Structures are given as C-alpha cells and as structure tokens.
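Here the structure comes first, spelled out in structure tokens, and everything after it is commentary.
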Amino acid sequence: MSAKRLYIKTFGCQMNVHDSERISGLLRNEGYRLTEKPEEADMIIVNTCNIREKSEQKGYSDLGRFAMLKRDKPDLILGMAGCVAQKDGEKVLKRYKGLDLVFGSSNIENVPQMIRTITLKAQPVVMVEEPPGPPKTTPADRKDRVRGWVSIMEGCDRHCAFCVVPTTRGRERSRPSAEIVQEVTHLAEAGYKEITLLGQTVNSYGKNLDEGLDFADLLRMLDAVDGIERIRFMSPHPCDMTLKLIEMMAELPKVCEYLHLPLQSGSDAVLARMGRGYTLSEYRQMTTRLGQWIPGLAFSTDIIIGFPGETEDDFQKTLDAVAEFEYDNVYYFNYSRRPNTPADRFEDQVPEEVKEARFERLSTLEKSLARQKNQVLIGTVQEVLVEGRSKRDRAKFTGRTRSNKLVHFESADDEIGQLLNIRIASAGSTCLEGIRIPSRSQ
44 MSAKRLYIKT
54 FGCQMNVHDS
64 ERISGLLRNE
74 GYRLTEKPEE
84 ADMIIVNTCN
94 IREKSEQKGY
104 SDLGRFAMLK
114 RDKPDLILGM
124 AGCVAQKDGE
134 KVLKRYKGLD
144 LVFGSSNIEN
154 VPQMIRTITL
164 KAQPVVMVEE
174 PPGPPKTTPA
184 DRKDRVRGWV
194 SIMEGCDRHC
204 AFCVVPTTRG
214 RERSRPSAEI
224 VQEVTHLAEA
234 GYKEITLLGQ
244 TVNSYGKNLD
254 EGLDFADLLR
264 MLDAVDGIER
274 IRFMSPHPCD
284 MTLKLIEMMA
294 ELPKVCEYLH
304 LPLQSGSDAV
314 LARMGRGYTL
324 SEYRQMTTRL
334 GQWIPGLAFS
344 TDIIIGFPGE
354 TEDDFQKTLD
364 AVAEFEYDNV
374 YYFNYSRRPN
384 TPADRFEDQV
394 PEEVKEARFE
404 RLSTLEKSLA
414 RQKNQVLIGT
424 VQEVLVEGRS
434 KRDRAKFTGR
444 TRSNKLVHFE
454 SADDEIGQLL
464 NIRIASAGST
474 CLEGIRIPSR
484 SQ
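Counting in our numbering, the sequence shown runs from 44 upward without gaps.
Here you go:
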C-alpha cells in the first residue's frame, strides 16, 4: 500500500514551524508522508498565526483555496491548526463547510486520535481546550538535519497589551527538564550540531515546575550533552534576564554569542502602555551588563511601529534607541489590532499612512546599521556551521557564525554539519560572503 500524502502550510513564528514538524512526526507514524504539492495530498493542514491580522487573513485565504480541492477529492481531510484555530474553534466549521479538523497548539499530541475519529464517524472534530499539566513530548519530522528546534515550554503569563499569545497558547507550562535533555541527546545521536530552545518567554522556564530549576540551570544541563556544539534560545523577555542567567551564558562554551532581546519601543510612555515591565534605562543597563559579561555579544530585537498613542517624539526615541544599541538585526512590524487585547480598545490608534511612513524610516536605518555591522567583519575569520547548499546559489553552501551571521561560501556536501573556518571577503546588509580556510590536515 502506498503511503498517504500530507501537506502542511505553516504561518508565523519558529514555534509554529516546530509545531508543524511535530504534527508531521505524529502523522508519519500513522502512515503519512510529506508532499510539497497540495493537489497530491490526502490530508492538508493549515497551521495558522494570528499575531497580526495579515497572517490570519492569509491562513483563512489558503484554507478556502484548499477547500476547493475537496470538490474533486471528497475523501481529502482538511484541517486548521495553530493560534487562529485556538481562537475561533467551532466558528471555523461554520465558515468552511468542508473542514474536518480544528485543533490548537496545545492539542497536537491528540492529532492521531482525532484523525481516527474523523475516519470512523465521518464528522468534524474540534479540540482547542488547554490540557492540564506540562506539554507532552511528541516525535518531530524535522526538515533540517544540522539544526534542531526544541520547544521547552508553552504559553505566556506576561499579558502585554498588544499580544494574543496568553489567549491562544494559554498560561506558561514548562516541560520537565529530563524530557528536554533526552530530546536533545537524541538529536545529538542523530548528528545534529545546534539546538534552538523555543518558548514565548523562554527564559521564564521552570516557574511552574516542582524541580527547583530555572532556565540557567537548564542551559547548564544541555551544555553537557555530548555532540551538541551550539545552543541558542528565543525569545527571552528582558524582565527575566537575571544575573544568574547572564553569568551562565558567559560561562557555558556552547551557548552562542547571540541574543534576541525584544525592545518593542524606545519610548518609556509607549513601553508603559504596552505593559512591558521595563523602562528604556533598565533595558540599557541590561544590555550594558550583558556586553560586560559577554564581549562581542551580537544583539537583535523586535520593534512595533505605530502602537496606539505613539507620537512622533515617541517614534524618534525608538529610532534613537535602535541607533544607540547598534543591533545586528531588527525585526520590525506595524502594529496590528488584535481582538480581545487591551490595545485594541485604545482610542488613539495611529493612522495606517503614518505607520507606513515610520516603517520606511526604520527600514532605512536598520539596513544601514546592519551593513555597517557586517562590514566590520570583512577580513576576519569566523567559525561557521555548514547547514547545506545556498538557496540563492546552489553552487555554494551556507551556514551561520556563532553570532548568527549568514555566510555563503564554497564547500562540499560531505562537510554539511561540520564547523569550518571561513574568512569573510565581502558583506551586505543581510549576509556575508567568505572563503573557506583549509585545515592543517588538508
């Protein structure tokens, strides 16, 4: 019997990307194999995101397009997963009559059971309730064979005014440390060299466990796993960047010199309305301490443009902060109103044309800063983990430095997964070009 075909369309963050890997891993055990062509699929799942309105609309648009396939293929199983599914639940069934399956990110472990129910009873299944206890460990069908995502917790207790995560992913729930160590050990045994720990506020790990461990302790445990060469994590919250964690990052050799630390705004007034829990001065003190403990630490950040009430002066403070902190990368987005969040009820919404103008100004600044930061590396030798062939030039290979810089260079297939020394020859705003330095044994 030929394998059944599964197509997954994923929107959103790295958490969603890894969730799709987990969905695929569970369904692989049920006889499904991934396909890149939705028209070939026996099952299609749209893994949605509702952080911003645009991503939510794209998810619904694709769901409608895939529903059309059921006209010629009535046995096709069509499902919606992720944050929009969690938010809308039964409402999605009313909107799309051909939908068979709706489930949230906390219900992934039950996907095989849901599929069997659909097959036996020939009726739709909706499962969006947050289960009790810690997140369950599930198999993952990983596309990358060098770098692996590892989810260590679900949910968020912060309740920032703009964010839907506490509503869609629930309260913080941490996985037991032994399960995480076991998963990372299995990745190392499979040849993975780098892991990225995932969580909405990843550095608040452990608060709801009875183990007496925190995120810094978990990093120490994972640093001891043989075979893993690099450890990254995202996204931390500034309020949970403890001195203990900073000291651990400096001490542990496998923790990379790269930190994504969301700022969101350079204005104290805006930060207060967002409910972020820190001021610009406190954020500055934190980055200064990090730089003192970890020389050469590369920073990236998130910025929200046009949050309700943001004035021209507020936005200028954000531009000033971005220039001051000299981020290696800035991920910036126009504020998007999200239902059932405090910010959606604020009356002083910023006009879209103002957001767009500010977006362009920040974009110009960010690209200039990124190019300057990258050009400083020309002539230096960087340790690069070979990830595979470059997407833009298949004759070359691509990899990342410990500071998360993307580098293109000449290599060979048998060097994928190896750490190479690369001399940086040129630099743009988004990537570097380099020349491989032969080892002494070559």
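Every residue, glycine too, gets a C-beta built ideally from N, C-alpha and C. All of these numbers come straight from a predicted model, not from anything done at the bench.
Asked: Under 7 angstroms Cβ to Cβ from K179, same chain only, skipping five residues before and after it: list those, please.; Found: E152
Asked: For A165 versus G141, is the C-beta spacing smaller than 7 angstroms?; Found: no
Asked: Would you check if there are 3 or more beta carbon pairs closer than 8 angstroms linking the region 277 to 293 to the region 253 to 269?; Found: yes
Asked: I need the straight-line Cα distance from V145 to V193, nearest angstrom please.; Found: 24 angstroms
Asked: For N72, report the span of its beta strand (DSSP E) as first-last.; Found: Premise fails: N72 is in no beta strand (DSSP E) and is neither H nor E.
Asked: My guess is that V189 and T228 are in contact by the Cβ rule of under 8 angstroms, so how many angstroms apart are they, rounded?; Found: Not confirmed; about 17 angstroms, so no contact.
Asked: Between which two residues does the alpha helix (DSSP H) holding I158 run?; Found: V154 to K164
Asked: Rounded to a whole number of angstroms, what is the C-alpha to C-alpha distance between T239 and S63?; Found: 16 angstroms
Asked: Determine whether the beta carbon atoms of T361 and S324 lie at a separation below 7 angstroms.; Found: no
Asked: Are S379 and R138 close, meaning C-beta to C-beta below 7 angstroms?; Found: no
Asked: I need the DSSP call for S247, collapsed to helix, strand or coil.; Found: helix
Asked: Pair every Cβ in the region 324 to 344 with every Cβ in the region 360 to 374, then say whether three or more of these pairs are closer than 8 angstroms.; Found: yes
Asked: Can you give me the start and stop residues for the alpha helix (DSSP H) that N90 sits inside?; Found: It is not in any alpha helix (DSSP H) - N90 instead sits in the beta strand (DSSP E) that spans M86 to T91.
Asked: Could you tell me which uninterrupted beta strand (DSSP E) segments, each at least 3 residues in length, are contained entirely in the region 238 to 323, listed from first to last along the chain?; Found: 273 to 277 and 301 to 303
Asked: Per DSSP, what kind of secondary structure is R48 in: helix, strand or coil?; Found: strand
Asked: What are the boundary residues of the beta strand (DSSP E) that includes N447?; Found: Segment: none, N447 is in no beta strand (DSSP E) and carries neither H nor E.
Asked: Alpha carbons only, please: which of P338, G191, E353 and A413 is nearest the one belonging to D311?; Found: E353
Asked: Taking just the CA atoms, how far does G318 sit from I120?; Found: 41 angstroms
Asked: Since I believe V450 is in contact with Q415 (beta carbons under 8 angstroms), could you give me their beta-carbon distance rounded to a whole number of angstroms?; Found: That belief does not hold up - the Cβ atoms of Q415 and V450 are roughly 17 angstroms apart, past 8 angstroms.
Asked: Just confirm the distance between the C-beta atoms of V427 and E458, as a whole number of angstroms; I'd bet it's less than 8 angstroms.; Found: Actually they do not touch by this definition, with Cβ atoms about 10 angstroms apart.
Asked: Starting from the Cα of Y50, find the closest Cα among W336, E73, K97 and E82 and give me that residue.; Found: E82
Asked: Looking only at DSSP bridge pairs, what is W192 linked to?; Found: T239
Asked: Are C299 and R185 touching if we call contact CB-CB under 7 angstroms?; Found: no
Asked: Rounded to whole angstroms, what's the CA-CA distance from D115 to S454? Just pull it up for me.; Found: 46 angstroms
Asked: Using only alpha-carbon positions, find the residue among I195, V168 and P385 that is nearest to T181.; Found: I195
Asked: Pick from A233, I271 and A221: whose alpha carbon is nearest that of D253?; Found: A221
Asked: Applying the 10 Å Cβ sphere with the 16-neighbour rule, what's the burial state of G176?; Found: exposed
Asked: With burial defined as no fewer than 16 other Cβ atoms inside 10 Å of the residue's Cβ, what is the status of D357: buried or exposed?; Found: buried
Asked: Do you know whose CA, among E476, Q156 and Q461, lies nearest A468's CA?; Found: E476
Asked: Determine the extent of the beta strand (DSSP E) in which D387 is found, giving its start and end residues.; Found: Per DSSP, D387 belongs to no beta strand (DSSP E) and is neither H nor E.
Asked: For I66 and I88, what's the separation of their Cα atoms in angstroms?; Found: 9 angstroms
Asked: Going by other Cβ atoms of all chains shown within 10 Å of its Cβ, with 16 needed for buried, is V127 buried or exposed?; Found: buried
Asked: Relative to the C-alpha of T162, which residue among D85, N150, N93 and K236 is closest?; Found: D85
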